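Residue 204 in the numbering used here sits at position 151 of the sequence shown; the count goes up by one each step and never skips.
For glycine and all other residues, C-beta sits at the position ideal for the given N, C-alpha and C.
Owing to the predicted nature of the structure, the values given are computational and were not obtained by experimental measurement.
Reviewing the structure listed below.
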Amino acid sequence: MGHISRNAPCPCGSGKKYKKCCLPKDEENLRPPKTRHDYCLEVAESLRTKIIKFMEKGGHDRHIGDALEMFWQTLDPDLAPPEKMDNYDYLNFIDWFIHDYPIPDFDLPLIELYLESEPLLPAEEMQVLRDWQDAPLSVYQIRTVSPGEGFWAEDIFSGAEIFISDVRLSHQARKWGLITTRVTKVLDEWQCSGAARLEPPTAKEDILDFVKEGFRLIKKLEPHLELKDFLRVAGVALHQRFLTNQVQ
């Protein structure tokens, strides 16, 4: 069938205009079938929307200004951060605010407060919410790329290797490249939360030294602290490292 104008009579013979009759059904038939990955993305987005609503309803968004002041700074007190945030910066800030920033008076991040509120969620979203309780920011080295699907990557601190499902990043990722992101489990796959930062393989030793030195100093005060817990508390420094490199 050739192209049919939206305002033309519907070819089904109903007498209605095509746009008021069979066009929606025809457009739906032309859409590619929804994949399992698409479904997982929808579950994650639905949960994030509910977390944001919880934040607003509880008045926790009043702390965004103070949190942003902590987030948006370089590692050098004498070095000003960039004047403006881009969309990637904002996505990473909101992700950090949800997962890591300790809400005043509670000393817990929003993600934990939401779980403690015992929200009424579909079973799948509740499972995802529980899985998100332990998802620190980290750095991964890309091992194998599957364009259009995702890539295998190794956590440079723990050595754990996982397949990260991300169609967009699968077209940008390069073998041995580094990616700083929060990897979250969504049902049966792993996804990037926030906006991932890509760096060349040559940055690996610098990142390892940076994190290990910070961890070594903190261990003097808290000997029983584990690296993953340190990354949750001090993961903001990885963002600040990017800001520092931007303006130096």
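| query | Excluding the five sequence neighbours on either side, which residues of its own chain have a C-beta within less than 7 Å of the C-beta of residue 120, listed in chain order? | reply | Excluding sequence neighbours, residue 120 sits near 150 and 154.
| task | May I ask you to list the residues that DSSP assigns as paired with residue 126? | result | For residue 126, which the question treats as bridged, DSSP gives no partner whatsoever.
| said: By the three-class DSSP mapping on this structure, what secondary structure does residue 229 have? | reply: In the structure shown, residue 229 sits in coil (DSSP, three-state: anything other than H, G, I, E or B).
| If you compare alpha carbons, which of 227, 114, 284 and 257 is closest to residue 196? | Nearest of 227, 114, 284 and 257 to residue 196, Cα basis: 227.
| field | Where residue 160 sits in the DSSP three-state scheme | value | The DSSP-derived three-state label of residue 160 is coil.
| query | Does the distance from the CB of residue 191 to the CB of residue 211 come in under 9 Å? | reply | Taking a C-beta distance under 9 Å as the contact criterion, residue 191 and residue 211 qualify as a contact pair.
| field | Proximity winner among 234, 254 and 194, relative to residue 148 (alpha-carbon distances) | value | For residue 148, the nearest C-alpha among the options comes from 234.
| field | residue 194 and residue 229 closer than 9 Å at C-beta | value | Going by C-beta atoms, residue 194 is nearer than 9 Å to residue 229.
| query | Given residue 241, which residues of its chain have a CB within under 6 Å of its CB, disregarding the five upstream and five downstream residues? | reply | Shown here for residue 241: not one same chain residue has a beta carbon closer than 6 Å to its own, the five before and five after excluded.
| Span separating the alpha-carbon of residue 173 from that of residue 127 | Each residue's CA atom was taken as its position, placing residue 173 and residue 127 some 40 Å apart.
| query | Within this structure, are the beta carbons of residue 168 and residue 182 separated by less than 9 Å? | reply | Result yes, Cβ atoms of residue 168 and residue 182 sit closer than 9 Å.
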